[in-house]
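*Asks:* So for the sequence shown, my numbering puts the first residue at 560; every next one is plus one. Glycine included, every Cβ here is placed at the ideal spot set by N, Cα and C.
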Amino acid sequence: MIPVFEPVIGEEEVAAVVAAIRRGEISGSFGESIPRFEEAFAAYCGCKYGIAVSSGTAALYLAVAALDLKAGDEILVSASTNIATALAAYHNNLVPVPIDSEPRTWNLNLDLIEDLITPRTRAIIPVHLFGHPVDMDRLCQIARKHNLVVIEDCAESHGATCHDRMTGSFGDMGCFSFYANKVITTGEGGMIVTNDSRIAEKLKLLRNLAFTTPRFRHEIAGYNFRMTGYSAAMGLVQCNKIEKVIEEKIRVAKTYDRFLKKVSGLQLPAPSTIGRHVYWMYGVVVQPDFPLSRDELQTQLRDAGIDTRTFFCPMNLQPCLQEQSGYRQVKCPVAESLWKTGFYLPSSPKLTEQIIQGIAETVYGIAEASHAKLTA
Ligand SMILES: Cc1ncc(COP(=O)(O)O)c(C=O)c1O
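(1) Give a yes or no on contact between the segment 640-651 and the segment 672-689, applying the rule of three or more CB pairs nearer than 8 angstroms.
(2) Is the beta carbon of A919 less than 8 angstroms from the beta carbon of V576?
(3) Measuring only from the beta carbon, is E591 closer than 7 angstroms to any heavy atom that is part of ligand 1?
(4) Just checking, does the segment 809-825 make contact with the segment 669-679 on the three C-beta pairs under 8 angstroms criterion?
(5) Give me the Cβ distance between I751 and G733, rounded to the nearest whole Å; I'm assuming they're in contact under 8 angstroms.
(6) Taking 7 angstroms as the cut-off, is the CB of V686 close to at least one heavy atom of ligand 1?
(7) Hey, could you find the ends of the alpha helix (DSSP H) S592 is sitting in?
(8) Here's a check: name, in chain order, each residue in its chain whose Cβ is nearer than 8 angstroms to the Cβ of E571, leaving out the five neighbours to either side.
(9) With three or more beta-carbon pairs closer than 8 angstroms as the criterion, would you say the segment 819-837 touches the segment 617-636?
(10) Can you give me the start and stop residues for the beta strand (DSSP E) that G901 sits inside?
(11) When you measure from the CB of T640 to every non-hydrogen atom of ligand 1, does any distance come out below 7 angstroms?
(12) As a quick exercise: from V742, A931, Q700, F596, pick the residue whose alpha carbon is nearest that of Y608.
(13) Considering only C-alpha positions, which residue in the set M695, G569, C879, Y903 is nearest to D731?
(14) Which ranges would you report for the alpha helix (DSSP H) in the segment 724-778 if only whole runs of at least 4 residues count?
(15) Please name the residue in Y903, N666, N652, S586 whose C-alpha comes closest to that of V612.
(16) Measuring CA to CA, which of R776, L904, K763, S614 is closest to C713?
(17) Got a sec? Which residues, its chain only, sit under 7 angstroms from S884 by beta carbon, not counting five neighbours each side?
(18) With a 10 Å radius around its C-beta and 16 neighbouring C-beta atoms as the bar for buried, classify Q881 as buried or exposed.
(19) Exposed or buried, which one is S906 when buried takes at least 16 other CB atoms within 10 Å?
(20) T644: beta carbon under 7 angstroms from a heavy atom of ligand 1?
(21) Where do the N-terminal and C-terminal ends of the beta strand (DSSP E) with I865 fall, by residue?
(22) Comparing the CB of L619 with every heavy atom of ligand 1, is any distance shorter than 7 angstroms?
(23) Since D712 sits in a beta bridge, which residues does DSSP pair it with?
(24) For the pair the segment 923-930 and the segment 850-867, tell me if three or more CB-CB distances fall below 8 angstroms.
(25) Give me the Cα-Cα distance between A855 and H836, rounded to the nearest whole angstrom.
(26) State the DSSP-derived secondary structure class of E806, mapped to helix, strand or coil.
(27) Cβ of L671 within 8 angstroms of Cβ of V623?
(28) Under a three-way DSSP split, which group does E661 fall into?
(29) Note down the Cα distance separating T900 from T640, rounded to an integer number of angstroms.
(30) Leaving out five residues before and five after G690 in sequence, what residues of the same chain have Cβ atoms less than 7 angstroms from its Cβ?
(31) Alpha carbon to alpha carbon, how far is S823 from N783? Give it in angstroms, no decimals.
(32) Does ligand 1 have even one heavy atom less than 7 angstroms from the beta-carbon of S614?
(33) Can you tell me the Cα-Cα spacing of N706 and V656, whole angstroms?
(34) Do G749 and ligand 1 come close, with the Cβ less than 7 angstroms from some heavy atom?
Below, the structure written as structure tokens:
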């Protein structure tokens, strides 16, 4: 089976992790690996501060917790995203309000934001879905007008840019994931980047149980969202390879584009018109004129040894969110349609041109065979 993703981990990562363990960088905040990784990754993003945490989910949760909002306040989020984006609001007793998607880029539709703002709206979390950058200049303009805090969900967009600036550097905070399938990985892990020194200090405090002096007497209720030193050591090595990984991801996407062009009825990922799309995953949408449904196509690809994943179930359809008090029902027809018709193909940066061509030929063959059956 060709997997949807395989991380690129070399002997340098293994050596760095082993060396960190030998130095005792196992738990707590010991050693240099964590501050060095924070500095390197924040600098890569064009930000002053990086706060390493245990996952992308923890990064988003902590970013929202640092805002000290009132229970029942609302946070706008992209409808089409991993549940972690909405849970950052939910677990802070805030109401996530979904913004429907835009049919071309599959990112949140900027035209819908202002109509969703109420007197309780405090923040917005745009997601750069599959590595496609949101137009952050326009989003920040809307946010400024309405006094909203901006937290970018960059779990899928390491290295993506908007008008030559890195995603993650536009908002008050940018949250990254280093889960195994992300552009770079630390196994589990995440980071918040920011240019605001007060926010950075607060995040560092909250991440580590809000220890102050005297030790063991706590003014603030914090969390343990620390990253381990050996994960950070791996992250540092990965950070040095990030541009190479992105180059490969773009190569994979362009190769798919070339070979899938001849398949009609499939919407391919839109190139970015505002910056660099890093194609975290290569998503496609099955259109009505394709001879099979998305589910049928996925089943046949699986039978042919090709693994795929559907797009996200949108936040307006999540049962766990609907039960929350203050839940706001918002229609998201585009995100719902993407959930039914979208899926992504194997997107590992290791994929060769030959394998990608083989996958594309399989898609083409399935479409042609169904077409022939339908017209027989
Ligand atoms: C858009 C988005 N946000 C948040 C997360 C959560 O990150 P993690 O798995 O590191 O908790 C993910 C992915 O896993 C994601 O794709």
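*Replies:* Well, looking at it:
(1) yes
(2) no
(3) no
(4) no
(5) 7 angstroms
(6) Flag set: Cβ of V686 near ligand 1.
(7) From DSSP, the alpha helix (DSSP H) with S592 extends over 592-603.
(8) If you ignore the 5 residues before and after E571, its C-beta comes within less than 8 angstroms of the C-beta of V796, all in its own chain and listed in chain order.
(9) no
(10) 901-904
(11) yes
(12) F596
(13) M695
(14) 756-766
(15) If you compare the alpha carbons of Y903, N666, N652, S586 with that of V612, the shortest gap goes to S586.
(16) S614
(17) Excluding five sequence positions before and after S884, none of the CB atoms of its chain fall closer than 7 angstroms to its own CB.
(18) exposed
(19) buried
(20) yes
(21) Here I865 belongs to no beta strand (DSSP E), and DSSP marks it neither H nor E.
(22) yes
(23) Note: D712 sits in a beta bridge opposite V686, C734.
(24) yes
(25) The question names Ala, but residue 855 in the sequence shown is Glu. When rounded, the distance between both Cα atoms is 29 angstroms.
(26) Of the three classes helix, strand and coil, the one that applies to E806 here is helix, per DSSP.
(27) No Cβ-Cβ contact shorter than 8 angstroms links L671 with V623.
(28) coil
(29) 15 angstroms
(30) E715, S716, A719, H836, V837, Y838, W839
(31) 50 angstroms
(32) yes
(33) For the pair N706 and V656, the Cα-to-Cα distance works out to about 17 angstroms.
(34) yes
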